[in-house]
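Q: Have a look at this one.
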Amino acid sequence: MMLFRRRPRVAAAPAAVSGLADPLTFEALFDPTFLAALRPFSLRISRAQKGGRLAEQRTNARGQGAEFADFKPYVAGDDLRAIDWNVYRRLGRLFVRVFEESQDMPVYFLLDRSRSLFVERPPRIHAAQEATLALAAVALDQHDSVGLFPFSDTLEIEFRAVSGKGNLARVAHSLAGYSALQGTGLAAALAHLAGLRLRQGLVIVVSDFFDEAGIESVVRGLEQLPHRLLLVQIVKAYDADPERHPDLSGDILLEDGEHAQPTSVTITPDLMARYKAAYRRFTDALSEFARTRGAGLVQIDADKPVRDQLSALFGDGAVKL
Amino acid sequence: MSFLSLPLWAVIAGAVCLAALLFGLQVLKARQKHVRIAAAGLWAQAARVTPLRVFRQRFQRWLAYLLILAIGLLLWAAGARPEITPGRDAVDHIFYLDASAGLTGRDDLAQARRALMADVRNTDPARRTVYLDGPVAAPLLQPGENPALLSRRLDGVRARLAPSSFAHAVANQELTGASASGRPTVVHYYGAWSGARDVTSTAGQRLVYGYLARPTLDNRGVVALGASPAASGDAGRADILVEAIGADGRPVPTDALRFSRDGRDVVVDILARPDGKLIVRDAVADGGLFAVRLARSDAFPADDQASLRLPDRRPVRVALSSGAPAAVARAVRLNPAFAVTAPKDAQVVVRRAGERFGEDRPALVVTQAGEQSAFVFTYGADEAEPDLSAALASLGISAVETQTLARTTRREVSAETRPGQQRGVAVWSALFDERGGFPAASEFPVFVSRTLSWLADTPPWIPYAQAGTDLTDQSDLYGLAADRRIADRALNGDLFLDQAGEARIGDLRVAVSLTDRTLTLDAARAVPADVIVTPVQGPTVDLLFILLVVIAGLLLLLEWRLQQRGAMA
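In order, the protein sequences belong to chains A and B. Quick note: the first sequence uses my numbering, first residue 3, plus one each step. Quick note: the second sequence uses my numbering, first residue 2, plus one each step.
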């Protein structure tokens, strides 16, 4: 009988990988033209959890607001201005009008800082930064709060909630400082986030979703979150169509910067077909989750301008989740 | 086993180098390039789905290397042209390719060449010698030489429009080679049967036929073409004899012939003789090219046409100075071969020494006795110094009564040659003295005619030019000086015309024709039943070469298939 289970050998930390790209600088990221183009857009969720500040998102809270919700019998302490005198004249009893209270929506950004977003040219992190800043700008512009949770192997808490347009520069500063960390631990990061018991809101995951634990673990982690979800998948054209990559032929060593040992493969038509099938399963799993959960899923091509792709996402001006 | 293109050591060294080169390339190929890609995990997952078997993985590269090496070595070996060396032979073999006119029909030469190559490959290299037909048999492959050389040397061989020289070569023992050892000899003949008809096997030399040209049963051909002075007496014209016969030796009808001058078809005045020969009458003798051909060609084209460059009998333009001797002027005016013109139009001038008359033209100059030798020949800058006695003979001076001349002038009569810008003849005036008797002699017009013709460098009278015979120059018959170009190049007075076509003798162009009656008739005759062609021993194609290339191609196909299936590194 084995008394002590041998601890699995801890994988050696990946050697420092040279040639990783730098993130966009604050000056490159905080482009007024880019931000001004986002002004017409808005993010809406069906109903935010009450308990927040007065803002623009619909909630279950009753109180001050513009939208009439119901009548209730008057009790001492109610605002006399809310008494409906027409009802009193008809029924002889005092009723006060209650309104639906609009509050703010907390938007939590989970931004991937793993090395896989930094190894290519141009790196996917640039598109991830721009997409995050753009969505944060939309949220702040509609008086919602923004939380920033970068992750790699583990989840970090940059800030839980900031609001007000003035904080957009703070978000941009944070994003500009996001250099490459280690591997992708999205499933673990999601579990960590779920354990934080944050006020319900919108979680936006910006990542390539290439987690070593597999897309199934990622989906399980997403299912645990009690928030509305928007998944921003940073892709490249050759993810789905590897023949478009000029170097994917013959004997090659593939590395994503996150593992010490690169993967040695010989590109053959058979392997190419198997990869395409694996990638199809990967994207199908994400799409299926988004469909069943009612989450948003958007693919941002890292080789194309982010603003154009977001414009297509927002369509008539609002994304409703 | 031996190799045709390379010696054995070079083949082995090349194979080793090839193996090393391919190994190096394989090592270089095994150096994988690094590709950074975010989806590397998915690739690894795809590669793990159906991993290669360990054994195959371990030896995959070696198998790939061995396959490539096999293909490379097969191609290398095929390029080196391996052949199975025939066994030792007790007799010597002489192969004779009679690429004369008999092989001009259809693809006879190609077939003869194929049979020759196959037979040579299957013969002991130390005992074989290959000759090519020609005026003198030319060795194509010496004993021990590589047959690949023969193939290359045969590349430029074309059938020669001339009669066969095979019988002549055998008779003169030109075909020696390895047979000089005294061993029995087998002579393999590749050509037309008529070329070997006069050759018979002897005790030490057996004749076998490797290939014989097929007969052209309906062959017709031009068998005679020649020119003679016109019977009409017109000095500027010539009559041309034409004879064309069919396979039965009968004359070909006139309407089956076409005539041309300088490449343009012409209609000629023809007189048919009772013997079937044709006379084309009064053709202008201007040095043009006259050709006759069959209106409908046949499968043996060598004798289907013949051409002749006509003599140039246009009058020589002569200018006579006022001081020219009266006897010379009279001889010139009476001779229709000369036309008296002004000095600027003249080809030749006649003047006295010191006269300023046509000084830039070849001249017959009359000098005073004592000034110089009696006869002075000046030759042009581009000519060799003429032989003095030959020059005197060709101008008819030998007939001059030199003793009478010496007595009259009281001087020693001598002759000399001098170099100059152009031709010239200087003669003492005493020779033309009416009292001396020479102007009245019958040789005098001949002397004047030949001298002026020599000075004008008049083309010779060549009545016909037949391939395989000596050139015939009949200038002497028609009052012309012997042509210097022919004289310079003739060997013992003979100038051999080796094949039909245009022959150049210095700047003199001669149209040589086959016009061989025997050849024309033989081309139509079938090979006698007792003449047996030895079938080729062994394959006529290089089977080993083809086999190696085919195997290499199949292996290449296999490699491509394995690559497609992803089973090759």
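Glycine included, each C-beta is placed from N, C-alpha and C at the ideal position.
If you reduce the DSSP assignment to three classes, tell me which class residue 532 of chain B lands in.
A: coil
Q: Would you decide whether residue 78 of chain A is buried or exposed? Buried here means 16 or more other CB atoms lie within 10 Å of its CB.
A: Its Cβ having fewer than 16 others within 10 Å, residue 78 of chain A is exposed.
Q: Note down, in chain order, each residue of its chain lying with its Cβ closer than 6 angstroms to the Cβ of residue 194 of chain A, except the 5 sequence neighbours on either side.
A: 157
Q: Helix, strand or coil for residue 309 of chain A? Go by DSSP, reduced to three states.
A: Residue 309 of chain A carries a helical assignment under DSSP once its states are collapsed to helix, strand and coil.
Q: DSSP puts residue 151 of chain A in a beta bridge; with which residues?
A: A:112
Q: So the candidates are A:185, A:141, A:258; which of them puts its Cα closest to the Cα of residue 21 of chain A?
A: A:258
Q: Cβ of residue 42 of chain B less than 8 angstroms from any chain A Cβ?
A: yes
Q: Between the alpha carbons of residue 551 of chain B and residue 103 of chain B, how many angstroms are there, rounded?
A: 38 angstroms
Q: Strictly by DSSP, which residues pair up with residue 429 of chain B?
A: In the DSSP assignment, residue 429 of chain B forms a beta bridge with B:368.
Q: State yes or no: is the beta carbon of residue 280 of chain A nearer than 8 angstroms to at least one beta carbon in chain B?
A: So yes, residue 280 of chain A belongs to the interface.
Q: When you compare the CB positions of residue 111 of chain B and residue 192 of chain B, do they come within less than 8 angstroms of one another, or not?
A: no
Q: Let's test the definition: count the other Cβ atoms within 10 Å of the Cβ of residue 151 of chain B and tell me whether it reaches 16, buried, or not, exposed.
A: buried
Q: Measuring CB to CB, does residue 322 of chain B end up less than 8 angstroms from residue 274 of chain B?
A: Contact: no.
Q: Starting from the beta carbon of residue 180 of chain A, find every residue of chain B whose beta carbon is closer than 8 angstroms, and list them in chain order.
A: The contacting residues do not exist; residue 180 of chain A stays about 16 angstroms from chain B at best.
Q: What residues from the stretch 257-284 of chain A come within 9 angstroms of chain E, judged by C-beta to C-beta, listed N to C?
A: Of the protein chains in this structure, namely A and B, none is chain E.
Q: Excluding the 5 residues preceding and the 5 following residue 132 of chain A in the sequence, name in chain order all residues of the same chain whose CB lies nearer than 6 angstroms to its CB.
A: 308
Q: Short of 6 angstroms in beta carbon distance, which residues of its chain neighbour residue 227 of chain B, apart from the five on each side in sequence? Order them along the chain.
A: Excluding residues within five positions, the ones whose Cβ falls inside 6 angstroms are 242, 464, 465.
Q: Select from B:261, B:131, B:18 the residue whose C-alpha is nearest the C-alpha of residue 155 of chain B.
A: B:131
Q: With DSSP as the reference, label residue 211 of chain B as helix, strand or coil.
A: Assigned with DSSP and collapsed to three states, residue 211 of chain B falls in strand.
Q: Hey, residue 89 of chain A and residue 73 of chain A are a contact pair by Cβ (cut 8 angstroms); roughly how many whole angstroms apart?
A: 7 angstroms
Q: Considering only residues of the same chain and omitting the five flanking positions on each side of residue 139 of chain A, which have a CB-CB separation below 7 angstroms?
A: 37, 40, 170
Q: Unbroken beta strand (DSSP E) runs of length 3 or more, entirely within the stretch 18-42 of chain A: which are they?
A: none
Q: Between the beta-carbon of residue 185 of chain A and the beta-carbon of residue 116 of chain A, is there less than 8 angstroms?
A: yes
Q: Determine which residues share a DSSP beta bridge with residue 192 of chain B and list them.
A: B:213
Q: For residue 131 of chain B, list the residues DSSP reports as bridge partners.
A: B:96, B:142
Q: Under a CB-based cut-off of 8 angstroms, is residue 27 of chain B close to chain A?
A: Chain A places no beta carbon closer than 8 angstroms to that of residue 27 of chain B, leaving this residue out of the contacts.
Q: Would you call the stretch 290-307 of chain A and the stretch 226-237 of chain A touching, i.e. three or more CB-CB distances under 8 angstroms?
A: yes
Q: Are the C-beta atoms of residue 233 of chain A and some chain B residue less than 8 angstroms apart?
A: With its beta carbon at least 8 angstroms from every one in chain B, residue 233 of chain A lies outside the interface.
Q: Alpha carbons only, please: which of A:285, A:297, A:265 is nearest the one belonging to residue 33 of chain B?
A: A:265
Q: Quick check: the stretch 228-240 of chain B against the stretch 116-133 of chain B, are at least 3 beta-carbon pairs closer than 8 angstroms?
A: no
Q: Please classify residue 554 of chain B as buried or exposed, where buried requires at least 16 other C-beta atoms within 10 Å of its C-beta.
A: exposed
Q: For the stretch 341-358 of chain B against the stretch 300-308 of chain B, are there 3 or more C-beta pairs whose distance is under 8 angstroms?
A: no
Q: Can a CB atom of chain B be found closer than 8 angstroms to the CB of residue 254 of chain A?
A: yes
Q: Quick check: what's the CA-CA separation for residue 449 of chain B versus residue 284 of chain B?
A: 27 angstroms
Q: Which residue's Cα is closest to the Cα of residue 368 of chain B: B:354, B:536, B:379, B:361?
A: B:354
Q: Of the residues B:467, B:165, B:516, which one's Cα is nearest the Cα of residue 498 of chain B?
A: B:467
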